[in-house]
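Reading through the structure tokens given below for one structure.
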Amino acid sequence: MVTEEDNRIVWLFGESGSGKSSVAYTLAKQLSAQDKLAATFFFSRTHADRSDTSLVFLTLAYQIGLLHPRAKDIIAKAINNDPELLSSAKCRSDQFEHLVKAPLKSLRLVWETPRKIVLDAIDEGVTSDRASLEPLILAMNDLIHDPSIPISHVLVTSRPSPLLDTLLRRLTAEGSVQSLNIQHFDSHHDVELFLRHSFDEIYDMRDISFLHEKPWPSSRVISSLSCRIKGRFIVAATVVRLISKSESPGDCLDLISKMYDGNVDTVDLDLGDIDSIYRYVLSSCEEHNQRSGVEHLSDIMVLAKPLTLPDICALSGVDISKHIVHLSAIVVLPPMYSLMTVQVYHSSLQDYLWDKSRSGDFHVSPLSSHDRLAGWCFQLIKRKLKGDETKVQAVEDAKQIKTPLRYAMSYWCYHLQRSEPSRRVRALTHDFVKNRAVLFLETAAALGQFAEAMYCLIHAWFVISRWKPFLNQDEILAGLEVHWRAYNHYLAERSRAPGGSSKGPTRARSGSTGTKHVSAVVELETGGQTAAHSQPPSAGIMPTADLTMLPEVSSWPYFRSF
């Protein structure tokens, strides 16, 4: 048991679908209602801004700053003194000391009792290796052992992690960590209560009283299901969704019961294993549609951020709804008119689909999904940004640019970096650099994201330079270098002009996803004026090439209005 007097990290272990996140969310909600919560970070592989360990301290700082003006003042002052604290490249220890530890110290006499921090699913960070997780855990350990910091406990949840065994053994020996395995808790009774409550709701909502008398289903059926499910809430929740969304709930329940009894030959069962449910759902359509269904499912899972169904269709140029409609039991699939985003119910689906040893014929490589997404982005940019370098059709009104195009412009390089580029994507990359790069920068300027777009081109250069040699590779790299050299030449011209500045186009604003929360605290303090973003690195980071000199760079389309 954990008591208020024992300052420590409570580490809750459990396999996918065992209910760890439900525990973390419920506890955070209860602590918040009691004014005992300091901050939270819920990792998620399906959200780009929640899958990076470099964003943890920034997010914690934002939440701490909202708790009290004194903490906000300290955070704002620290950022004004050192804007680089908002950069993901900044030393983590500096971010921790100035943005987390210092403001918490200021609240020691403000809070009547110490508070708690919740970090959920830390193993789901894209950089969740020992090098990134160990400093985070040691920083949390520092908080609970510093008497000047009003933090008594840190709840951490994850799957079992061999990467951190040595560290955890040491901290456990010191009395700093208490490890709990959620599998040691017998949840069979809770699962049975969940099933009974859920089936009662289905009975009332679907009005099946003319087919079945209450209680439906019988206590024997629920008890049997609960026994087969073995206390795994993710399996129970998926079973309930399958039945609630079926045309005939009674028939569906009978089929699932038979499946769990081993009477359905089409499904290889490991009872209580979510893989059996996933295989059943993925195979619940015509065989010729199964492959497109799992591929589109994987594509949805690699999106840098969740999108609505219409936005995904617009991005892909395909009505994917007809390919994934049979997956509604394992995917949040809102109607086309809804503003809700498409998301998978649980990250264990990603584990299943991307592990060939588990998914077999349903396996999809995330590399191929990122390749498709990169192609979608390039094709949408090609369709929407028309013109050429001699006749630019600039988008002056940012409101004209809808979410799919904004996504394509923001994340084409994100997907390119994570793909194994096909011949098609290499050709689309060549077309983009040759015919669309100027339009891309011009449109980004209209959105106030010129600097971000330029950084995107720089990053693309490094990504493409590491690909295996292919036709037009040198031309693509040279084209990217032209824009980068033009930008640096433009900055140099501005700095030489009377009263000039080398800060770049004034309409370009800092908009890093990872820093927007803390930036909001600074904006409150500075009246909306955020610190200028750091200057791009020198043009020398790219190899020099014998390119045409670039006179009168300020006449280039994307520099005209600055």
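Remember, our numbering sits 674 above the position in the sequence shown when you count from 1. Glycine is no exception: its CB is placed at the ideal position from the N, C-alpha and C atoms.
Inter-residue CB distance, residue i and residue j (contact presumed, cutoff 8 angstroms)
i, j, result
"residue 1051", "residue 1089", "6 angstroms"
"residue 815", "residue 845", "6 angstroms"
"residue 927", "residue 896", "The Cβ separation is near 10 angstroms, so there is no contact."
"residue 972", "residue 964", "Contact doesn't hold; Cβ gap of about 13 angstroms is too wide."
"residue 737", "residue 713", "4 angstroms"
"residue 798", "residue 719", "5 angstroms"
"residue 1157", "residue 1121", "17 angstroms between Cβ atoms; not a contact."
"residue 811", "residue 841", "6 angstroms"
"residue 744", "residue 781", "7 angstroms"
"residue 716", "residue 734", "Incorrect: roughly 12 angstroms between the Cβ atoms, too far for contact."
"residue 1016", "residue 980", "7 angstroms"
"residue 1012", "residue 982", "7 angstroms"
"residue 998", "residue 967", "6 angstroms"
Cβ shell of residue i (< 6 angstroms), same chain only, five flanking positions each side left out
i, result
"residue 1082", "1051, 1054 and 1055"
"residue 1104", "1146 and 1150"
"residue 1043", "972, 973 and 976"
"residue 918", "876"
"residue 961", "none"
"residue 1014", "1008"
"residue 914", "872"
"residue 685", "830, 851 and 853"
Residue i classed as buried or exposed, judged by whether at least 16 other C-beta atoms fall within 10 angstroms
i, result
"residue 969", "buried"
"residue 765", "exposed"
"residue 949", "buried"
"residue 944", "Below a pLDDT of 50, predicted positions are generally treated as unreliable, and residue 944, at 42, falls in that range; no measurement from the model is reported."
"residue 861", "buried"
"residue 855", "exposed"
"residue 850", "buried"
"residue 977", "buried"
"residue 1010", "exposed"
"residue 755", "exposed"
"residue 1034", "exposed"
"residue 863", "exposed"
"residue 984", "buried"
"residue 661", "With the chain covering 675 to 1236 only, the question about residue 661 has no answer from this structure."
"residue 1123", "buried"
"residue 891", "buried"
"residue 694", "buried"
"residue 871", "exposed"
"residue 1148", "exposed"
"residue 900", "buried"
"residue 843", "exposed"
"residue 996", "exposed"
"residue 790", "buried"
"residue 1077", "exposed"
"residue 752", "buried"
"residue 1159", "buried"
"residue 1057", "exposed"
"residue 794", "buried"
"residue 746", "buried"
Close-in-space but distant-in-sequence residues of the same chain around residue i (CB under 8 angstroms, 5 per side omitted)
i, result
"residue 885", "924"
"residue 955", "912, 916, 1000, 1001, 1003 and 1004"
"residue 1140", "none"
"residue 818", "681, 682, 683, 825, 826, 827, 828 and 850"
"residue 839", "none"
"residue 1135", "1151, 1154, 1155, 1158 and 1216"
Own chain partners of residue i with C-beta closer than 7 angstroms, once the 5 adjacent residues on each side are dropped
i, result
"residue 1107", "1150, 1153 and 1154"
"residue 731", "766, 769, 770, 773 and 774"
"residue 910", "865, 868, 869 and 903"
"residue 692", "856, 857 and 906"
"residue 1188", "Unreliable positioning characterises residue 1188 in this predicted model, as indicated by a pLDDT of 32, which lies under 50. A coordinate reading is not provided."
"residue 874", "none"
"residue 1045", "1093, 1094, 1095, 1096 and 1099"
"residue 1166", "none"
According to DSSP, residues forming a beta bridge with residue i
i, result
"residue 1036", "None, per the DSSP bridge assignment."
"residue 829", "684 and 792"
"residue 855", "687"
"residue 1144", "For residue 1144, which the question treats as bridged, DSSP gives no partner whatsoever."
"residue 1017", "1006"
"residue 713", "791"
"residue 982", "1015"
Cutoff 9 angstroms: residue i Cβ touching any chain D Cβ
i, result
"residue 954", "Given the protein chain composition of this structure (a single chain), no chain D is represented."
Exercise. Counting pairs of Cβ atoms below 8 angstroms between the region 821–837 and the region 682–701, do you hit three or more?
Worked result: Yes, the region 821–837 is in contact with the region 682–701.
Exercise. Three or more C-beta pairs closer than 8 angstroms, one from the region 1094–1105 and one from the region 1119–1131: is that the case here?
Worked result: Verdict: no, contact absent.
Exercise. Below 8 angstroms, can you find three or more Cβ-Cβ pairs linking the region 989–999 to the region 1024–1031?
Worked result: No: fewer than three Cβ pairs fall under 8 angstroms.
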